[in-house]
Amino acid sequence: MTGTVTTAAYCDRCGGSLAEGDHGACAAARRLEPPRYCGACRRRMKVQVVPAGWTATCVEHGTLRS
Amino acid sequence: MPEILEHARAQVLERGVGLDEAGVLAVLRLPDEHLPAALQLAHEVRMRWCGPEVEVEGIVSLKTGGCPEDCHFCSQSGLFTSPVRAVWLDIPALVEAARQTAATGATEFCVVAAVRGPDPRLMTQLREGVRAIRAEVDIQIAASLGMLTREQVDELVEIGVHRYNHNLETARSHFPKVVTTHSWEERWETLRMVRDSGMEVCCGGILGLGETIEQRAEFAAQLGELAPHEVPLNFLNPRPGTPLGDQPVVDAKDALRAIAAFRLALPRTILRYAGGREITLGDLGTRDGLLGGVNAVIVGNYLTTLGRPAGTDLALLSELSMPVKALSTAL
Chain A
1 MTGTVTTAAY
11 CDRCGGSLAE
21 GDHGACAAAR
31 RLEPPRYCGA
41 CRRRMKVQVV
51 PAGWTATCVE
61 HGTLRS
Chain B
1001 MPEILEHARA
1011 QVLERGVGLD
1021 EAGVLAVLRL
1031 PDEHLPAALQ
1041 LAHEVRMRWC
1051 GPEVEVEGIV
1061 SLKTGGCPED
1071 CHFCSQSGLF
1081 TSPVRAVWLD
1091 IPALVEAARQ
1101 TAATGATEFC
1111 VVAAVRGPDP
1121 RLMTQLREGV
1131 RAIRAEVDIQ
1141 IAASLGMLTR
1151 EQVDELVEIG
1161 VHRYNHNLET
1171 ARSHFPKVVT
1181 THSWEERWET
1191 LRMVRDSGME
1201 VCCGGILGLG
1211 ETIEQRAEFA
1221 AQLGELAPHE
1231 VPLNFLNPRP
1241 GTPLGDQPVV
1251 DAKDALRAIA
1261 AFRLALPRTI
1271 LRYAGGREIT
1281 LGDLGTRDGL
1291 LGGVNAVIVG
1301 NYLTTLGRPA
1311 GTDLALLSEL
1321 SMPVKALSTA
1331 L
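Respectively, the protein sequence lines represent chains A and B.
Per our numbering, residue 1 is the first one in the first sequence, and the count goes up by one each step.
Per our numbering, residue 1001 is the first one in the second sequence, and the count goes up by one each step.
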């Protein structure tokens, strides 16, 4: 994965704080899902899935690519 | 061997006549010890009436999210608190997705939009996208844009869309519990117009929407009445924020029973493994389904979720000595 998000305070699947609760189920689900929330600011990202990959863009923190 | 499988062997395998609703229900009710025999018979039916080839397809979302409809399984509805945001794919990215799909050996590329039906902006985007793909990529193009008008059907034919997907999703009797913003009959009307236009009809659904086993059989029979060219079989992948987000995943053996039963109801159709197979059946399930009546796969990612890498499925097809359907035979 490439992109500009370098620090993750939030779960990129549910948007919850990584400091609170167990996100193991989210991590397991993420094997078959792209990220939906920015890990740095928990904004919902614009996600584009194509057959061979995905991109996820946060308006503040840039774009992640599979 | 159970009586229903003896009956299916004589009717479906030997004469190519699909099981009726009662027959499908009997297959869906088979105890676990008879599941291997049901899958074996379904595989024989597929080989006899469809052959060993497997049709490979890639799908892509041209317009994601923000849909005004309330299909309770769908993360792209704008009516739910789903994390999926609205986004459009531009033409260069669409062409690149088609190119990557063709590189896998796929013959089909389905362009999908999350809409009730296409508006002029979407039709323009599709028209330009199809033109660009046809200019650069050797692949057949299908579309899935919701409910159509007669004029839109005619336009799709004119621009070269050869197959149209519009899923009935579930049994007619269960549909109102899954979708309230439009009716099963409205979907049927679009399918009727598509069929009359000469485009190939692609129509399937999702298992695990809270339907009963009886309704699963009802759905198979209704698809048999429609006789679509292709039936994509999805298994619910419960999506966060949707009304069915907490619905349990279909039991793996029930999913395999359904694959066998749908093949025995639809001996000549392209029966495609679509979304949800990874979480419902795991890696081994893909093999079981391909040896149990399935003769088509979606490779790579789905519209909003991820699938197995295309190479994994293609390696499995090679191992099973199932050739990928070639474009020359598809045309």
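All C-beta atoms, glycine included, are put in the ideal place defined by N, C-alpha and C.
In the structure shown, the three-state DSSP call for K1177 (chain B) is helix.
Rounded to whole angstroms, the separation of the alpha carbons of P1267 (chain B) and E1186 (chain B) is 27 Å. For L32 (chain A), the nearest beta carbon of chain B is closer than 9 Å to its own beta carbon. Residues of the segment 31–53 of chain A with a Cβ closer than 8 Å to any Cβ of chain B, in chain order: R31, L32, E33, P34, R36, Y37, R44, M45, K46, V47, Q48, V49, V50, P51, A52, G53. At least 9 Å separates the beta-carbon of V1179 (chain B) from that of G1208 (chain B). Of all residues in the segment 1295–1326 of chain B, only V1299, G1300, N1301, Y1302, L1303, T1304, T1305, L1306, G1307, A1310 come within less than 8 Å of chain A when Cβ atoms are compared, listed by chain position.
Taking a Cβ-Cβ threshold of 9 Å, the residues of chain A close to R1085 (chain B) are R36, R44, M45, K46, V47, in chain order.
Our two residues, T1242 (chain B) and L1256 (chain B), have alpha carbons roughly 26 Å apart in a direct line.
Distance from the CA of L1316 (chain B) to the CA of V1297 (chain B), rounded to the nearest whole angstrom, comes to 11 Å. Annotation: the continuous alpha helix (DSSP H) that includes E1278 (chain B) extends over 1277–1290. For K46 (chain A), the uninterrupted beta strand (DSSP E) segment begins and ends at 46–50.
Here G1105 (chain B) is near V1324 (chain B), since their CB atoms are less than 9 Å apart. For R13 (chain A), the nearest CB of chain B lies under 9 Å from its own CB, placing it at the interface with that chain. For chain A, the residues of the segment 1253–1284 of chain B that bring a beta carbon within less than 8 Å of one of its beta carbons are E1278, I1279, in chain order.
One alpha carbon belongs to P1002 (chain B), the other to L1019 (chain B), and they sit about 15 Å apart. Residue pairing from DSSP places G62 (chain A) in a beta bridge opposite A:C58. In the three-state reduction of the DSSP assignment, C41 (chain A) falls in the coil class. Collapsing the DSSP output to three states places V1012 (chain B) in a helix. With a contact defined as Cβ atoms closer than 8 Å, R13 (chain A) and R30 (chain A) qualify at about 5 Å. Boundaries for A1113 (chain B): no alpha helix (DSSP H) harbours it, while the beta strand (DSSP E) harbouring it runs 1108–1113, taken from the DSSP string.
Across the structure, F1073 (chain B) and L1233 (chain B) are spaced so that their CA atoms are roughly 14 Å apart.
Around L1039 (chain B), the same chain offers L1256, I1259, A1260, D1288, L1291, G1292, G1293 as residues with beta carbons nearer than 8 Å, after the five sequence neighbours per side are excluded. Contact fails between the segment 28–47 of chain A and the segment 1036–1054 of chain B, because fewer than three Cβ pairs, one in each stretch, are under 8 Å apart. Closer than 9 Å to the CB of A1113 (chain B) there is not a single CB belonging to chain A.
Per DSSP, reduced to three states, the secondary structure at E20 (chain A) is coil, with no helix or strand assignment.
Ranked by how close their Cα comes to the Cα of T1149 (chain B), the residues B:I1141, B:R1134, B:E1189 have B:E1189 in first place. The straight-line gap separating the alpha-carbon atoms of I1213 (chain B) and T1181 (chain B) is approximately 25 Å.
With fewer than 16 other Cβ atoms from the protein chains shown falling within 10 Å of its own Cβ, S1321 (chain B) counts as exposed. With a 10 Å radius around the Cβ and a threshold of 16 neighbouring Cβ atoms, D1283 (chain B) comes out exposed. Within the same chain, Cβ atoms closer than 8 Å to the Cβ of V47 (chain A) are found at P34, P35, R36, W54, T55, A56, T57, the five residues on either side in sequence being excluded. The shortest C-alpha to C-alpha distance from G62 (chain A) to any of A:V49, A:A52, A:M45, A:P51 is the one to A:M45. Annotation: the continuous beta strand (DSSP E) that includes Q1140 (chain B) extends over 1140–1144.
Residues of chain A whose Cβ lies closer than 7 Å to the Cβ of T1101 (chain B) are, in chain order, P51.
Setting aside the 5 residues that flank it on each side, G1245 (chain B) is surrounded in the same chain by P1238, R1239, each with a C-beta closer than 7 Å to its C-beta; the list follows chain order. Interface flag for S1197 (chain B) against chain A is unset, since no Cβ pair is found closer than 9 Å. For K1063 (chain B), the enclosing beta strand (DSSP E) has its first and last residue at 1055–1064.
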